[in-house]
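Numbering (the numbering used here), first residue to last: 2 to 195.
Structure (structure tokens):
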């Protein structure tokens with residue numbers, strides 16, 4: 002498994018070609034919640050007075066998402082900003098601040114951020130959230146694996162119910178939980194102490 006990172010931490014991460022040319026920096030991460038994948042990045046120039054760039058980076062143009070930079074083959078992969086943002090229409094809605102429901106209708110928290118696996122895949126592998134009483138204690142910040150189908154409608158993110166009992170308290174523990182693979186039948190909070 003590659004390094005796990007929060008989408009919110011990608012802002013200002015440099016975008017660099019394999020030839021070493023600095024293209025800009027990540028402004029925002031664009032993703033499709035229904036597909037649980039990054040669809041691209043909007044970009045900004047580098048430096049204090051630099052603003053948004055007219056071109057954005059589709060995920061198909063990413064060579065590798067690393068812990069310190071987003072690597073691309075060349076500037077030829079950049080596309081019009083509107084085209085990259087349009088790819089997220091299937092998963093429309095503001096993800097941060099959305100309430101999290103299980104597919105069984107249990108509200109388990111509010112989204113703080115999404116967890117992305119670095120590398121060449123762009124998968125959303127988890128959700129960082131503040132908990133409701135359904136996970137043992139209201140207001141606790143935990144990570145929930147996003148294994149299985151996610152769906153986003155308006156201000157609600159729906160996760161498979163079997164993942165609710167598999168929350169962890171840090172990214173390292175989330176990585177271990179993801180390596181275990183999906184398991185069905187866990188009850189929310191089962192085996193977890195808050």
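All C-beta atoms, glycine included, are put in the ideal place defined by N, C-alpha and C.
- As summarised for the region 2-31, there are no continuous alpha helix (DSSP H) elements at least 4 residues long confined to that stretch.
- Distance between residue 133 and residue 182, taken at the CA atoms: about 25 Å.
- For the 7 Å CB-CB criterion, residue 16 and residue 71 form a contact.
- As for any alpha helix (DSSP H) of minimum length 4 sitting wholly inside the region 45-129, the runs are 82-87, ordered along the chain.
- Within the model, the alpha-carbon separation for residue 130 versus residue 163 is close to 16 Å.
- In the three-state scheme derived from DSSP, where H, G and I count as helix and E and B as strand, residue 177 is classed as helix.
- For the pair residue 44 and residue 28, the CB atoms are nearer than the 7 Å cut-off.
- Its Cα nearest to that of residue 73, the residue 64 stands out among 64, 79, 4 and 39.
- According to DSSP, residue pairing for residue 146 in a beta bridge involves 127.
- Following the DSSP letters along the chain, one finds residue 158 inside the beta strand (DSSP E) bounded by residues 157-160.
- Per DSSP, residue 134 has no beta bridge partner at all.
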